[in-house]
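Here the structure comes first, spelled out in structure tokens, and everything after it is commentary.
Residue numbers (this note's numbering), protein chains in the order written: chain A, 8 to 416; chain B, 123 to 225.
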């Protein structure tokens, strides 16, 4: 870490708290996104460190501190949740960047559509989408899992829940992608505007009616004693679109690379599908991929660090599940690991409202895929490429299998 | 680890849990239908209310902060009332028995 010494250390940061760490490009990301986070768990590294990268910010490195920072809005605000802070301040989406108590009525509007009971009601619909996608590739013996499956399932589920025409999936997804990681072809502002123009007629048509789709519930949502405004409804719709897509897409990528490379683990699930929910929890612990942050509300001493009002604290979820002090031998995957801890869905008031939906999509994927395509591996001609970011990913997951080993189920 | 749910008028249900779950998540996953968990675990709806018996309170901990505020509004509150989304399961809770509030 000698090069870090060339970068400036603010006066309130102690020398031993100073690290050179890029949360969007952890060391070794060329080979593996998750391994590099372990640098922050090495002996002698404090539980709270400061890096000059991405505008300069603190990082809490332990699972219990992540839990605390996520959950305690009185000390750590969601006013700005993305790093670097300068771009995070441009990003205002309801209800993500609101603190309690203002946050709660917005959040409650989402709950009715994402609660376990509501998700159970659409489970068979999700299963039909999954089966359809798997059957399209099963007999061809290969696919880019990313484009053939993981990018398609969550947007179709979203369209179904929002009661939007399935044939518009691809264009809505392209705009949503442009808001988070634009390839330059459409600017973020343009993309938001196009989503707004697209959704407007649907919002208008459902306002004042008693539809039970998620868009109806949002546009007819009550915030205290008033109606949700159009602007608020649109912001919430966009937030859900963004939050529910990349996360599931990317997590599926890590999961399928693991299963492709670890036939023993995969066969355990093929032979005993009842193990899938436990396996999924272990995979969620092992492959957290979201890094966001919180803004320090006031000057305070926090686990030996002098936090200043307005400082940013990165809440990097990989540091939770991979924390060796709560999950011994954290890089090892053990489907029967006891007492595992993680903050993959966050904690506190902003804990991912779609966690149950995500778990359901993931479980159904494993159940239906492994039933039909039990044997598969990575195509060996292309090395995997990892991309860091707010939601890290594996850029493409090329899979191959023998069609004769598949089953129509 | 095993956890048992008791409810008036129905048989005790014991579930087997691994991994990092809250008590609410474990209940939902194993079909304990009384746990509605409408907010998904953000401590904002109080629809995952359970009673923790006295002898387990030291292990599960007691309600604090926002959870206490929400418990103000639940029906049939008791001294051992907790929101199950705020109980992170740990190996020390193997054998935990909780009671579900009246429907």
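Here a beta-carbon is modelled for each residue, glycine too, at the ideal position from N, C-alpha and C.
- Listed in chain order, the positions of the segment 185-213 of chain B with a beta carbon within less than 9 angstroms of a beta carbon of chain A are 187, 188, 207, 210, 211, 212, 213.
- The residue from A:350, A:410, A:381, A:364 with its alpha-carbon nearest to that of residue 68 of chain A is A:350.
- For residue 285 of chain A, a Cβ of chain B is located within less than 8 angstroms of the residue's own Cβ.
- Against chain B, the beta carbon of residue 119 of chain A has neighbours under 8 angstroms at 160, listed in chain order.
- Within a 10 Å sphere around the beta-carbon of residue 19 of chain A sit fewer than 16 other beta-carbons, which makes this residue exposed.
- A distance below 7 angstroms between beta-carbons, with the five flanking residues on each side excluded, links residue 130 of chain B to the following residues of its chain, in chain order: 224.
- Contact with chain B is found for residue 111 of chain A, since one of that chain's Cβ atoms lies less than 8 angstroms from the residue's Cβ.
- In the DSSP assignment, residue 257 of chain A falls within the alpha helix (DSSP H) that extends over 237-268.
- With contacts defined by Cβ atoms closer than 8 angstroms, residue 64 of chain A and residue 407 of chain A do not form a contacting pair.
- For chain B, none of the residues of the segment 129-144 of chain A brings a beta carbon within less than 9 angstroms of one of its beta carbons.
- In the three-state scheme derived from DSSP, where H, G and I count as helix and E and B as strand, residue 227 of chain A is classed as coil.
- In the structure shown, the three-state DSSP call for residue 31 of chain A is coil.
- Rounded to the nearest whole angstrom, the CA to CA distance from residue 163 of chain B to residue 409 of chain A is 42 angstroms.
- Classified as exposed, residue 306 of chain A has fewer than 16 neighbouring CB atoms from the shown chains inside 10 Å of its CB.
- Under the 10 Å beta carbon count, residue 195 of chain B is surrounded by fewer than 16 other beta carbons and is classified as exposed.
- By the Cβ neighbour-count rule, residue 413 of chain A is buried, with 16 or more other Cβ atoms within 10 Å of its own.
- In the three-state scheme derived from DSSP, where H, G and I count as helix and E and B as strand, residue 411 of chain A is classed as helix.
- Within the same chain, Cβ atoms closer than 8 angstroms to the Cβ of residue 72 of chain A are found at 54, 55, 310, the five residues on either side in sequence being excluded.
- Residue state for residue 103 of chain A is assigned as coil, using DSSP reduced to three classes.
- A contact is defined here as three or more CB-CB pairs under 8 angstroms, and the segment 364-383 of chain A meets this definition with respect to the segment 140-160 of chain A.
- In the DSSP annotation of this structure, the continuous segment of the beta strand (DSSP E) that includes residue 321 of chain A starts and ends at 319-323.
- Short of 6 angstroms from the beta carbon of residue 324 of chain A, and not among the five residues preceding or following it, lie these beta carbons of its own chain, in chain order: 295, 297, 350, 351.
- Interface flag for residue 129 of chain B against chain A is unset, since no Cβ pair is found closer than 8 angstroms.
- For residue 171 of chain B, not one C-beta of chain A is nearer than 8 angstroms to its own C-beta.
- Residue state for residue 152 of chain A is assigned as helix, using DSSP reduced to three classes.
- For residue 51 of chain A, no alpha helix (DSSP H) encloses it, and the DSSP letter there is neither H nor E.
- In the DSSP assignment, residue 283 of chain A falls within the alpha helix (DSSP H) that extends over 283-293.
- Rounded to the nearest whole angstrom, the CA to CA distance from residue 301 of chain A to residue 70 of chain A is 15 angstroms.
- Between the beta-carbon of residue 214 of chain A and that of residue 227 of chain A there is about 7 angstroms, and that keeps the pair under the 8 angstroms contact cut.
- The continuous beta strand (DSSP E) containing residue 134 of chain B extends over residues 132-138.
- Counting only the Cα atoms, residue 108 of chain A lies some 39 angstroms from residue 133 of chain B.
- Residue 307 of chain A sits in a strand when the DSSP states are folded into three classes.
- Each residue's CA atom was taken as its position, placing residue 359 of chain A and residue 353 of chain A some 6 angstroms apart.
- Taking the C-beta atoms as reference points, residue 157 of chain A is found nearer than 8 angstroms to residue 256 of chain A.
- In this structure, the straight-line span from the alpha carbon of residue 248 of chain A to that of residue 390 of chain A is close to 30 angstroms.
- The three-state secondary structure of residue 128 of chain B, taken from DSSP, is strand.
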